[in-house]
Structures are given as C-alpha cells and as structure tokens.
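Participant: Residue numbers (the numbering used here), protein chains in the order written: chain A, 17 to 365; chain B, 17 to 365. Below you'll find the structure I mean.
Protein chains: 2
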Amino acid sequence: MAESAYTDISNLGEFKLIEHLTKSFQPIRKEVLLGIGDDAAVWKPADGLIPVVSTDLLIEGVHFDLSYMPLRHLGYKSIIVNLSDIFAMNAEPVCVTVSIAMSNRFPVEALEELYEGIKQACETYGVDLVGGDTSSARQGLMISVTAMGQVEPDKYVTRKGAKPKDLICVTGDVGAAYAGFLVLDREKSVFLGNPELQPDLNDYDYVVGRQLKPEARVDVVRKLREQGIMPTSMMDISDGVASEIHHLCRQSKTGATIYAHKLPIDPQTVKVAEEFGISATTFGMNGGEDYEMIFTVPIQDFEKVKSWQEISIIGHMTDDANVIQVILENGEAADIEAQGWQHFSQRSS
Amino acid sequence: MAESAYTDISNLGEFKLIEHLTKSFQPIRKEVLLGIGDDAAVWKPADGLIPVVSTDLLIEGVHFDLSYMPLRHLGYKSIIVNLSDIFAMNAEPVCVTVSIAMSNRFPVEALEELYEGIKQACETYGVDLVGGDTSSARQGLMISVTAMGQVEPDKYVTRKGAKPKDLICVTGDVGAAYAGFLVLDREKSVFLGNPELQPDLNDYDYVVGRQLKPEARVDVVRKLREQGIMPTSMMDISDGVASEIHHLCRQSKTGATIYAHKLPIDPQTVKVAEEFGISATTFGMNGGEDYEMIFTVPIQDFEKVKSWQEISIIGHMTDDANVIQVILENGEAADIEAQGWQHFSQRSS
C-alpha cells in the first residue's frame with residue numbers, strides 16, 4: 017500500500033489528535049463527573065470508598081515488540097496491567113488516564129488501532145478514560161497509564177500483612193505468558209531468516225494468547241470478597257512468582273517456602289519449556305506478565321480455598337525472613353532468587 | 017572525570033533504583049494512607065472533598081533540551097506543570113506519581129539530580145510522591161507525571177462556564193518563558209559554534225528563570241477563593257494565551273476580544289522580543305510555558321479584580337463564537353489563531 021494511504025499525525029495536531037482518538041469513548045461510570053478535555057478530570061468515589069492509584073509504563077523495545085504485538089492488543093494490555101494493580105489492592109477500578117509518546121513513523125491509523133484496544137479494555141472492565149497527553153518522541157512508542165480505583169478504607173490489601181504460617185496462593189496458572197513470549201520471539205527469528213515461512217502458532221494458542229491478551233483477575237478478587245476471605249497480603253504477578261514472593265516477604269518481614277510441584281503450570285507451558293530445554297519450574301517461578309494474583313491467607317481459611325479450582329496453594333510463609341526457598345521435585349531446597357524484570361542490562365544511546 | 021566515577025543504572029536494578037531515588041522523600045500529607053512500594057497508593061480526600069487528576073508528559077528533544085536544562089530544574093518543572101493543572105481546577109494538590117524512562121546514558125547520579133528537583137517541588141507545594149515506574153528506553157529521557165488533588169464537589173472550575181461579557185483575566189505576566197527559551201537556545205548555538213565563549217545570561221535572569229524554574233499560581237487561586245471570587249472558567253497557560261483562549265471559547269461556546277495593550281508583558285520580555293525582531297504582542301499571545309492562569313469572571317467582579325496587582329484584565333468574552341479576536345495597538349482587529357504547541361511537524365525514526 018502506498019504511504020499516502022495513511023494519515024500523518026501532523027495533519028491533525030496535538031489537540032485534535034486526542035479528540036479524534038477518544039471521540040468514540042462513551043462515559044460508563046457515574047463516579048466520573050468531568051472526563052477528558054479540561055485541565056484535570058474530577059471524580060467522586062462511591063459513598064464510603066476512598067481512591068487508590070497506580071501507574072505503569074510500557075516502552076517499545078523493552079516491554080513490547082511491535083513485530084509480533086498488534087497495536088490493538090498492546091492498547092488492551094496497557095490498560096489491563098494497570099487494572100490488575102488496582103484489583104491487587106482489593107479495590108475496584110473506576111477510571112484511567114493514558115499518555116502516549118511516539119515517533120512520526122506511526123500514522124493516525126496506527127494510533128486508532130491502539131485506542132481501539134484501549135477502548136475495548138475500558139468497556140470490558142467498566143472504566144472510563146478520563147485524560148491523558150499525547151506527544152511526539154524522537155523514537156519509538158511509549159505508553160504511560162495511570163489507573164484510579166476505589167476501596168473501603170479498611171479493606172485494601174497491601175504487601176505487608178502476611179504472617180508466618182499463612183498459606184501462599186496463586187490464581188490460574190503461571191509461566192504461560194513467558195512461554196508465549198519465547199514462542200513469538202522464535203517465530204520472529206524464523207521469519208526474519210526466511211520471510212516465506214509463515215508462523216504456525218496453532219499448537220501454541222494458549223500461551224501466545226496469555227502473552228498478547230492478558231486479563232486481570234477481577235473474578236477471583238471479587239469472589240474472595242464474596243466468600244469473606246480477606247487476604248493478609250496480595251499483589252499481581254507481573255515479574256514472576258520468584259520476584260513477587262520476595263516483595264511479599266520483604267514487606268511482611270517473613271520467609272517463605274514454596275513447593276515446585278504445587279506451581280500451577282499449563283500443559284502447553286510445559287511443552288514449550290521442554291522445547292526450549294528449560295525446566296517448567298523455572299517458567300513457573302520466573303516467567304513474568306501472567307497478571308495472576310499471588311496472595312496469602314491465614315491457615316484457618318484452608319478449607320475455603322483448597323477446593324477452589326482457580327486457586328493453587330503453593331506454599332506458606334515462615335518465621336525466618338532470611339530464608340525464601342523452593343522445595344524442588346527431588347525434595348531438595350533451593351534459595352529463590354528475586355529475578356524480576358531487569359531492563360537495564362543493555363547499554364544504549 | 018573518568019566514566020567509572022558514575023554509577024551505572026544496571027548496578028542497582030529496577031526495584032532498588034526506585035527505592036534508592038525515593039528514600040529521602042518524607043510523607044507530608046495526612047490524606048495519604050499508603051505511599052510508594054505497593055501495587056497502588058491509597059489516599060483519602062479531606063472531609064467533603066473529591067478527587068481530581070491530571071497527567072502530563074515531558075519528552076527530551078520535544079519539551080526540554082538537556083544542554084541547557086539542568087536535571088534538577090527539569091525534575092522541579094515536571095511537578096510544577098502538573099500541579100498547575102490541579103490549581104487550574106480551583107483544587108488543591110495532594111500527591112503525585114512519577115514515571116521515568118531513560119536510556120542507559122544516564123548514570124544513577126543524573127537521576128538523583130532529577131529526583132532532587134522533584135523532591136524540592138513536592139516539599140514546596142506540600143504534596144507526596146506516592147508511586148511511579150522506572151524503565152530503560154532505547155533513547156532519551158521521558159517523564160510522565162500524574163497529579164491528584166481534591167476539591168469541594170461544587171467548587172471545581174472547568175473551561176466551559178464562561179458567559180458573554182465575562183472579563184478575561186491573566187495572572188502575572190506572559191511571554192517570558194518563551195523569551196527565556198529563545199535566549200537559552202541562542203546561547204547554546206553560540207556555545208556550539210565556539211565552546212570558549214561562556215554564556216552571559218545576567219541581563220536575562222528573569223526570562224531564563226521563567227523558562228527553567230516555573231512556579232504554579234497557587235497564590236492567586238487561593239486568594240480568589242478567599243475573596244469569594246469564583247471564576248466562571250479557568251485554565252493554566254501552558255501553550256500560550258492564544259491557544260488557551262480558543263479552548264475557553266470553544267468549550268464555553270463564546271467568542272472573545274483581547275486587547276494587545278492589556279497583555280501583561282515584562283520589560284525583559286519586551287527587550288528580548290526586540291532583539292529577535294518579533295513583536296512583544298506575539299510573545300504575549302503565543303509564548304507557552306508561563307504556567308500563569310487565564311480565567312473569566314462576571315463583570316460584577318470588576319471592582320474586586322481591577323486593583324489586584326497580580327491580575328490583568330485583558331479583554332472580555334463575546335456572543336459570537338465565530339469571532340475570537342485581538343485588538344492590536346494600532347486599533348485594528350485581527351483573528352487569533354490557536355497556535356498551541358505542535359510537536360508533530362518533524363518526521364523522525
């Protein structure tokens with residue numbers, strides 16, 4: 017297609033661009049009194065609730081690769097990763113702001129795709145887009161999202177309330193998003209080597225979907241509330257179980273023991289792990305971006321959570337804050353290293 | 017100085033970096049219940065108040081040039097531009113989140129400078145830093161700030177309440193920050209041409225200060241409240257009077273007449289305008305980044321505002337939404353073009 021088929025961003029200008037991209041967004045939340053288009057948005061939490069706020073950056077070449085991440089999925093994911101943080105506080109999201117910086121290599125149509133995904137996430141999770149900023153950048157695409165939510169003043173769940181003996185629970189399964197990343201990255205290499213070869217991802221639909229279109233565990237967080245289970249600590253799994261358990265232990269001043277065979281790992285994730293010659297436990301412990309929840313509950317809640325299909329009890333908190341360990345399949349104990357995402361290892365301009 | 021004198025960001029890693037940069041921030045606001053270090057921050061507006069939220073991006077090479085903008089000033093300014101938006105709603109800021117993406121060319125010490133400025137702004141304006149994100153980027157430095165504030169539910173001031181005949185008021189003086197930008201940019205060119213020449217900015221201290229270290233007009237907004245003056249519309253001047261009057265008119269469905277000779281322009285700004293062969297009126301109308309307030313009040317408030325030294329009445333709103341004009345010094349009327357910042361004119365990678 018000729019380049020002229022696309023609309024250059026400079027044709028619209030900054031103000032009209034934002035207006036253009038957000039005009040199809042319909043207000044959903046009664047809490048929002050003033051949305052996009054003023055110096056600030058104004059909202060009023062529901063009676064008795066108070067605001068929570070979380071923010072995240074997504075940077076091209078660091079957090080996503082546009083050669084296999086469609087812009088619509090990227091828009092969707094940029095909202096999900098923030099809503100996940102709100103749910104992880106045991107709060108409910110109300111509204112988001114989205115700021116975008118991008119080089120002029122992106123035509124208006126590309127941004128429309130991005131905003132389609134943003135809109136879809138907002139509608140699915142019932143939140144309003146209430147503001148943002150749009151700017152050019154010399155290079156690349158950068159998305160900064162801030163999500164705001166509401167919670168009862170005495171019901172928000174932090175990372176620091178876990179006690180020794182509390183059960184460590186994980187929702188869904190872990191490691192799949194990382195498996196999806198590896199598969200996509202491999203197919204990209206194959207494609208770059210021989211553009212005639214089209215990727216065949218049929219056998220990897222689950223793990224690829226987990227990477228490209230994550231969801232936030234609103235269902236589990238709400239069900240915990242409904243069943244009267246108040247986690248003593250909770251966070252979402254964006255950097256992997258190993259990294260997150262370190263956060264919970266450090267802030268709660270506990271140690272932890274996790275059992276490798278208890279980690280919920282999907283068969284497709286296991287298959288990918290085998291293909292790459294990496295142990296599935298490594299995927300489950302260190303794979304990021306699953307956006308599942310990890311939380312702790314008092315042992316008294318064992319009966320309530322043990323039969324719940326969406327929850328796996330993977331271990332327990334311990335007294336000794338210096339020992340954060342995993343019991344491997346062969347019965348040996350190993351220290352858990354906090355291998356979060358480390359984005360600073362490559363020197364660039 | 018040898019490169020080894022600086023600390024590479026990768027030595028710390030993402031989590032420790034945030035912790036390191038924010039450890040000297042002391043909590044100020046009783047409204048903030050949970051600050052940095054969890055999935056989200058939690059705050060509780062003062063009794064009877066509701067949240068407002070605003071967000072802004074600052075991109076290297078678009079919004080700032082590190083060859084003359086010290087990192088400490090940049091940090092300060094990144095907070096001010098957001099607080100200014102909160103004040104422009106007739107609200108009071110409570111807390112901010114700051115997200116940074118930067119290439120590895122910045123050592124830890126550079127980020128410390130940036131956060132020193134952020135801290136200074138937070139302390140000066142009495143707000144808490146409650147969250148953020150830090151990431152590498154392939155190139156450049158990008159700062160995304162979200163500010164949250166609080167306001168009485170029936171006291172926030174939008175851009176859409178102005179009525180025909182309302183007086184258009186501006187705080188302080190306008191055009192100075194743009195004059196400062198031109199002077200700094202000229203000195204940079206001179207320096208690049210001959211590094212032996214050191215810039216002499218003594219004669220330009222006011223305008224350079226306006227560019228490098230803007231302040232938010234908390235004083236005027238609070239005084240308006242104290243004196244019982246409720247603006248019918250208000251916004252801060254980030255893109256220039258011409259651009260902002262277009263926003264107010266479009267949202268209020270009014271026209272406007274502004275008198276060029278009423279524009280408050282500092283003598284140093286006039287001097288710079290003469291040096292560059294541009295009319296001072298152009299500086300006053302189109303110069304951005306002054307972070308003064310532009311607002312409208314009913315004509316009944318004329319007596320209250322006319323004697324107030326910090327306020328200039330520069331014109332009035334009119335019936336005809338199609339006519340937004342400036343009366344020039346020679347008595348001629350000219351249409352005001354909305355020349356906001358247009359960051360999308362250069363094609364890049």
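Glycine included, each C-beta is placed from N, C-alpha and C at the ideal position. All values reported here derive from a predicted model rather than from experimental measurement.
Under 7 angstroms, CB to CB, which of the residues in the region 147 to 158 of chain B have a partner in chain A?
Facilitator: Listed in sequence order: G147, G148, D149, S151, S152, A153, R154, Q155, G156 and M158.
Participant: Considering only the alpha carbon of each residue, which of B:P123, B:A193, B:E139 and B:G331 lies closest to V366 (chain B)?
Facilitator: In the structure as shown, chain B starts at 17 and stops at 365, and residue 366 (chain B) therefore has no counterpart that could be examined.
Participant: Please work out which residues of its chain come closer than 8 angstroms, Cβ to Cβ, to E308 (chain A), disregarding the five sequence neighbours upstream and downstream, and give them in chain order.
Facilitator: Counting from one through the first sequence, the residue named residue 308 (chain A) turns up at place 292. For E308 (chain A), where only same-chain residues beyond five positions count, the Cβ hits under 8 angstroms are V186, T187, G188, D189, V190, R233, D252 and I253.
Participant: Return the first residue and the last residue of the beta strand (DSSP E) that V146 (chain A) is part of.
Facilitator: In the first sequence, residue 146 (chain A) corresponds to position 130, counting from 1. Where V146 (chain A) is concerned, the enclosing beta strand (DSSP E) stretches over D144 to S152.
Participant: For Q362 (chain B), which three-state DSSP category applies?
Facilitator: Taking the second sequence and counting its residues from 1, one reaches residue 362 (chain B) at position 346. In this prediction, Q362 (chain B) has a pLDDT of 34, which is less than 50 and means its spatial position is unreliable; what the coordinates show is noted afterwards. Of the three classes helix, strand and coil, the one that applies to Q362 (chain B) here is coil, per DSSP.
Participant: Are A349 (chain B) and C265 (chain B) touching if we call contact CB-CB under 9 angstroms?
Facilitator: In the second sequence, the residue the question calls residue 349 (chain B) occupies position 333. In the second sequence, the residue the question calls residue 265 (chain B) occupies position 249. Not in contact: A349 (chain B) and C265 (chain B) (Cβ atoms no closer than 9 angstroms).
Participant: What residues from the region 53 to 81 of chain A come within 9 angstroms of chain B, judged by C-beta to C-beta, listed N to C?
Facilitator: Answer in chain order: G53, D54, D55, A56, A57, V58, W59, K60, P61, I66, P67, V68, V69, S70, T71, D72, L73, L74, I75, E76, G77, V78 and H79.
Participant: Does Y172 (chain B) have its Cβ less than 9 angstroms from a Cβ in chain A?
Facilitator: The residue labelled residue 172 (chain B) in the question sits at position 156 within the second sequence. Chain A contact via Cβ: present.
Participant: Can you give me the start and stop residues for the beta strand (DSSP E) that P109 (chain B) sits inside?
Facilitator: For the purposes of this step, residue 109 (chain B) is identified with residue 93 of the second sequence, where counting begins at 1. Element bounds for P109 (chain B): E108 to M118.
Participant: Do you know how far the Cα of K204 (chain A) is from the Cα of Y84 (chain A)?
Facilitator: Indexing the first sequence from 1 puts residue 84 (chain A) at position 68. Indexing the first sequence from 1 puts residue 204 (chain A) at position 188. Going by the C-alpha atoms only, they are around 7 angstroms apart.
Participant: Output, in sequence order along the chain, the residues in the region 169 to 194 of chain A whose CB is closer than 7 angstroms to any CB in chain B.
Facilitator: Flagged, chain order: P169, Y172, T174 and R175.
Participant: How should N98 (chain B) be labelled, buried or exposed, when 16 other C-beta atoms within 10 angstroms of its C-beta is the threshold for buried?
Facilitator: Along the second sequence, one-based indexing puts residue 98 (chain B) at 82. N98 (chain B) comes out buried.
Participant: Drop a sphere of 10 angstroms on the beta-carbon of E231 (chain B), count the other beta-carbons inside from all chains shown, and report buried for 16 or more, exposed for fewer.
Facilitator: Mapped onto the second sequence, residue 231 (chain B) falls at position 215. It is buried - the Cβ of E231 (chain B) has at least 16 other Cβ atoms within 10 Å.
Participant: Spell out whether any CB of chain A is found under 9 angstroms from the CB atom of G165 (chain B).
Facilitator: Translated into the one-based positions of the second sequence, residue 165 (chain B) becomes position 149. So yes, G165 (chain B) belongs to the interface.
Participant: Does the region 30 to 46 of chain B come close enough to the region 74 to 93 of chain B to have 3 or more Cβ pairs within less than 8 angstroms?
Facilitator: These segments do not touch.
Participant: Would you identify the three-state DSSP class for M158 (chain B), choosing helix, strand or coil?
Facilitator: One-based indexing of the second sequence puts residue 158 (chain B) at position 142. Residue state, collapsed to three classes: strand.
Participant: Look at V58 (chain A) and V112 (chain A) and say whether their C-beta atoms are less than 9 angstroms apart.
Facilitator: Position 42 of the first sequence, counted from the start, is the residue given in the question as residue 58 (chain A). Position 96 of the first sequence, counted from the start, is the residue given in the question as residue 112 (chain A). No, the pair does not count as a contact, with Cβ atoms beyond the cut-off.
Participant: Using three-state DSSP, classify G331 (chain A) as helix, strand or coil.
Facilitator: One-based indexing of the first sequence puts residue 331 (chain A) at position 315. Strand at G331 (chain A).
Participant: S268 (chain A) and S249 (chain A): beta carbons closer than 9 angstroms?
Facilitator: For the purposes of this step, residue 268 (chain A) is taken as the residue at position 252 of the first sequence. For the purposes of this step, residue 249 (chain A) is taken as the residue at position 233 of the first sequence. Yes. Within cutoff.
Participant: Identify the continuous alpha helix (DSSP H) that holds V286 (chain A) and give its terminal residues.
Facilitator: If you number the first sequence from 1, residue 286 (chain A) lands on position 270. Note, V286 (chain A): alpha helix (DSSP H), P283 to F292.
Participant: So what's S249 (chain A) in DSSP terms, helix, strand or just coil?
Facilitator: Indexing the first sequence from 1 puts residue 249 (chain A) at position 233. Residue state, collapsed to three classes: strand.
Participant: Bridge partners of E67 (chain A), per DSSP?
Facilitator: Position 51 of the first sequence holds residue 67 (chain A). With the sequence shown as reference, residue 67 (chain A) is identified as Pro, and Glu is not the correct amino acid for it. DSSP, once it has assigned bridges, lists A:Q166 as partnering P67 (chain A).
Participant: Given that a residue counts as buried once 16 or more other Cβ atoms are within 10 Å of its Cβ, and exposed if not, what is A276 (chain A)?
Facilitator: Reading the first sequence from its first residue, position 260 is the one you call residue 276 (chain A). So A276 (chain A) counts as buried.
Participant: If we define contact as Cβ-Cβ less than 9 angstroms, is Q358 (chain A) a contact residue for chain B?
Facilitator: Against the first sequence, residue 358 (chain A) aligns to sequence position 342. Annotation note: pLDDT 40 at Q358 (chain A) (below 50); position unreliable, coordinate value reported separately. It does: the Cβ of Q358 (chain A) has a partner Cβ on chain B nearer than 9 angstroms.
Participant: Are M158 (chain A) and A117 (chain B) close, meaning C-beta to C-beta below 9 angstroms?
Facilitator: Here residue 158 (chain A) refers to the residue found at position 142 of the first sequence. Here residue 117 (chain B) refers to the residue found at position 101 of the second sequence. A contact, by the Cβ cut-off of 9 angstroms.
Participant: By how many angstroms is the C-alpha of M301 (chain A) removed from the C-alpha of M164 (chain A)?
Facilitator: Residue 164 (chain A) sits at position 148 when you count from the first residue of the first sequence. Residue 301 (chain A) sits at position 285 when you count from the first residue of the first sequence. Going by the C-alpha atoms only, they are around 29 angstroms apart.
Participant: Under 7 angstroms Cβ to Cβ from F318 (chain B), same chain only, skipping five residues before and after it: list those, please.
Facilitator: In the second sequence, residue 318 (chain B) corresponds to position 302, counting from 1. L183.
Participant: Go to T270 (chain A), then tell me how far its alpha helix (DSSP H) extends in each direction, as first and last residue.
Facilitator: Locating residue 270 (chain A) in the first sequence gives position 254, where the first residue counts as 1. Element bounds for T270 (chain A): n/a, residue is neither H nor E.
Participant: Beta-carbon within less than 8 angstroms of D335 (chain A)'s beta-carbon, same chain only, minus the 5 sequence neighbours each way: which residues are those?
Facilitator: The count along the first sequence starts at 1 and reaches residue 335 (chain A) at position 319. Excluding residues within five positions, the ones whose Cβ falls inside 8 angstroms are P180, T270 and G271.
Participant: With DSSP run on the structure shown, which of helix, strand or coil describes I34 (chain A)?
Facilitator: In the first sequence, residue 34 (chain A) corresponds to position 18, counting from 1. Helix at I34 (chain A).
Participant: Assign Q284 (chain A) to buried or exposed, taking buried as 16 or more other Cβ atoms, counted over all protein chains shown, within 10 Å of its Cβ.
Facilitator: For the purposes of this step, residue 284 (chain A) is taken as the residue at position 268 of the first sequence. Counting Cβ neighbours within 10 Å, Q284 (chain A) comes out buried, since at least 16 surround it.
Participant: So with Cβ pairs under 9 angstroms, would you call M251 (chain B) a contact of chain A?
Facilitator: Counted from its first residue, the second sequence places residue 251 (chain B) at position 235. Chain A contact via Cβ: present.
Participant: Name the residue from B:P314, B:Q166 and B:A104 whose alpha carbon lies nearest to the alpha carbon of P61 (chain B).
Facilitator: Taking the second sequence and counting its residues from 1, one reaches residue 61 (chain B) at position 45. Per the Cα distances, B:Q166.
Participant: List the residues that DSSP assigns as beta-bridge partners of L73 (chain B).
Facilitator: Residue 73 (chain B) sits at position 57 when you count from the first residue of the second sequence. Bridge partners of L73 (chain B): B:S160.
Participant: With DSSP as the reference, label L50 (chain B) as helix, strand or coil.
Facilitator: Walking along the second sequence from the start, residue 50 (chain B) turns up at place 34. Note: L50 (chain B) maps to strand in three-state DSSP.
Participant: Below 7 angstroms on C-beta distance, what does T162 (chain A) contact in chain B?
Facilitator: The residue labelled residue 162 (chain A) in the question sits at position 146 within the first sequence. By Cβ distance, chain B contributes T71, T113 and T162.
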